[in-house]
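Working notes for the structure below.
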Amino acid sequence: MKLFPNLQGPQRTVAQTVSVVILMGGLAWASVPFYDWFCRVTGFGGATNVAETGSDVILDETIKVRFDASLERDMPWTFKPEVREMEIRIGETGLAFYEAHNPLDVPIAGQAAYNVTPYEAGAFFDKIECFCFVEQVLMPGETVMMPVSFFVDPAIVDDREGQYVHTITLSYTFYEIDLPDEEIQASYVPQALTPTSQDAIQNY
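Adding 450 to a residue's 1-based position in the sequence shown gives its number in our numbering.
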């Protein structure tokens, strides 16, 4: 069946081209949430899981978790893990902190992207709470300690590939995002005048 049977020649070609562009754009838009879902379900690309509570099973076997931090280009913060590595029992809830500092004299908002390596460990790495779940806003000169609580699913010891994983690296990359509206408004609120500054204005 021909598309656009009522159109002929160049008009049909243009209409078909526009349709292909719209179709490809729609597929690209739909692929983003699908890819995100696929990664979270399978651990593909180092995506992790989210859990509401810790594991009910804690094994005697231990695993090392390393922490890595980086910044996207032009992100002005400093960002680093409090500790570089910890060893926990598989199934045990771990708690780690990352330190972020805004050295500028203006508020900066950021969002953290994350993954774990090796990639096959992603399906077994569960976060309970994480600063990466929401955007972060640091005021001028502010330093914060941001927590992440997690556990490694005991099912990893029975997985064909996961059973050979003895060290997992959790990596975060912070990138700058637009300030929330309330932060933008707050940054432009005029400061109250002190009696000294009022006298200075009157005497000017």
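Glycine included, C-beta positions come from ideal geometry on N, C-alpha and C.
What do you reckon, are the CB atoms on residue i and residue j nearer than 8 Å?
i, j, result
"Leu588", "Pro557", "yes"
"Ala527", "Ala546", "Reading off the sequence shown, one finds Trp at residue 527, where the question assumed Ala. Contact: no."
"Val602", "Phe575", "yes"
"Ala559", "Pro630", "yes"
Can you tell me whether residue i is buried or exposed? The criterion is at least 16 other CB atoms within 10 Å of its CB, across all chains shown.
i, result
"Val400", "With the chain running from 451 to 654 in the structure shown, residue 400 is simply not present."
"Tyr614", "exposed"
"Glu535", "exposed"
"Leu620", "buried"
"Thr593", "exposed"
"Gly591", "exposed"
"Thr503", "exposed"
"Pro531", "buried"
Give the single residue among the options whose Cα lies nearest to the Cα of residue i.
i, options, result
"Tyr548", "Val584, Glu542, Met596", "Met596"
"Thr543", "Tyr569, Gly612, Thr593, Pro604", "Pro604"
"Glu626", "Val507, Arg523, Glu570, Cys580", "Arg523"
"Phe600", "Asp608, Cys582, Gln586, Gly612", "Cys582"
Using the C-alpha atoms, what's the distance from residue j back to residue i?
i, j, result
"Val598", "Asp628", "23 Å"
"Asp683", "Phe517", "Because the chain here runs from 451 to 654, residue 683 falls outside it and cannot be looked at."
"Ala497", "Tyr622", "12 Å"
"Val491", "Asn499", "Residue placement at Val491 is poorly supported in this model, since its pLDDT is 39, which falls under 50; the coordinates are not used for a value here."
"Leu509", "Arg610", "18 Å"
"Phe624", "Val507", "33 Å"
"Pro553", "Phe529", "11 Å"
"Phe494", "Cys580", "Any reading at Phe494 is ruled out, since the residue's pLDDT is 40, under 50, leaving its predicted position unreliable."
"Ala519", "Ser505", "26 Å"
"His616", "Gly572", "13 Å"
"Glu570", "Asp608", "13 Å"
Report the CB separation of residue i from residue j in whole angstroms; it is logged as a contact under 8 Å.
i, j, result
"Ile391", "Glu511", "Residue 391 is absent from the model: the chain starts at 451 and stops at 654."
"Val566", "Ile618", "5 Å"
"Ala501", "Ile578", "5 Å"
Consider the Cβ of residue i: report whether some Cβ of chain B lies at a distance smaller than 8 Å.
i, result
"Thr503", "Any reference to chain B falls outside this structure, which holds one protein chain only."
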